[in-house]
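Peer 1: Dumping the structure here so I can ask a few things about it.
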Amino acid sequence: MISPVAVNICRASANAMAECVRAEKNSEDINRFERVKRA
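All you need for this note's numbering is the position in the sequence shown, starting with 1, plus 237.
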């Protein structure tokens with residue numbers, strides 16, 4: 238059986254990964270917007 242602590246850590250890191258991916262996507266969208274604005 239997996240300890241609840243390990244499960245919580247896994248869940249937390251999965252959430253962190255999702256946040257990182259979301260932040261990266263947002264910055265890509267912003268960069269695209271900036272390029273379009275300049276064009």
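Where is the CB? At the ideal position from N, CA and C, for every residue including glycine.
Could you compute how far the alpha carbon of Pro-241 sits from the alpha carbon of Ala-255?
Peer 2: C-alpha separation (whole angstroms): 21 Å.
Peer 1: With DSSP as the reference, label Ala-276 as helix, strand or coil.
Peer 2: Three-state result, Ala-276: coil.
Peer 1: Could you give the distance in angstroms between the alpha-carbon of Glu-271 and the alpha-carbon of Asn-252?
Peer 2: About 29 Å.
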